[in-house]
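Shown next, in structure tokens, is the structure this report addresses.
Numbering (this note's numbering), first residue to last: 389 to 577.
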């Protein structure tokens, strides 16, 4: 493990280092077995998610939520965890709210979200809902095709999103900025 990862553990995740040596060593072996590169910072978050009784409880709870409630396979869970370890330490409420919105309100396949787990860590109120509201309006008005990738909506920086989905259509739909800022509901457009 490089110094940068050790520094990250010491600066932000000291609770991981306070476990018995055997428990810490077991967590390191588990992280390695899941395919994490111990030279990258993602292994530090993976250790945080797997080290300790409360962490194991949260890990198991999150696995159950993703699998039972959203139909993810074991491979989906591990793949998402390898990409963004933080997706396994979110609160049950956060997981359920984001997944419910994306799957039930936006109609996106649950398992596709597993390929972009960083989305689960985004703010529902500040990022996901505003962007999805804009996209709903554009779809309803026939200005964009339904075959767009949801990652093209949620992953770009705010500036890039605004340029691609708001500014580009502002002449045809002047109220799009109000939809984005939550001043106008989708059904009122």
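Positions of the beta carbon are idealized from the N, C-alpha and C atoms, including for glycine.
For residue 393, the enclosing alpha helix (DSSP H) begins and ends at 391 to 400.
Runs of alpha helix (DSSP H) with 4 or more residues, each lying fully within the region 488 to 542, are found at 498 to 501, 517 to 528, 538 to 542, listed in chain order. In this structure, the CA atom of residue 503 is about 21 Å from the CA atom of residue 438. Collapsing the DSSP output to three states places residue 547 in a helix.
Exposure of residue 528 is indicated by the presence of fewer than 16 other C-beta atoms within 10 angstroms of its C-beta. Within its own chain, the residues whose Cβ lies closer than 6 Å to the Cβ of residue 532, once the five positions on either side in sequence are excluded, are 526, listed in chain order. Note on residue 549: 16 or more other CB atoms within 10 angstroms of its CB, so buried under the neighbour-count rule. In the DSSP annotation of this structure, the continuous segment of the alpha helix (DSSP H) that includes residue 565 starts and ends at 564 to 568. One alpha carbon belongs to residue 402, the other to residue 435, and they sit about 11 Å apart. Contact between residue 469 and residue 426 is absent: CB atoms are separated by about 15 Å, not below the 8 Å threshold. Exclusion of the five residues before and after residue 510 leaves 516 as the residues of its chain whose Cβ lies within less than 6 Å of its Cβ. Non-local C-beta neighbours of residue 455 in its own chain, meaning closer than 7 Å and more than five positions away in sequence, comprise 465, ordered along the chain. Annotated as proximal: residue 472 and residue 505, with beta-carbon spacing under 8 Å. The C-beta of residue 450 has 16 or more other C-beta atoms within 10 Å across all chains shown, which makes the residue buried. Distance from the CA atom of residue 518 to the CA atom of residue 567, rounded to whole angstroms, is 7 Å. DSSP places residue 553 in the helix class (H, G or I) of the three-state scheme.
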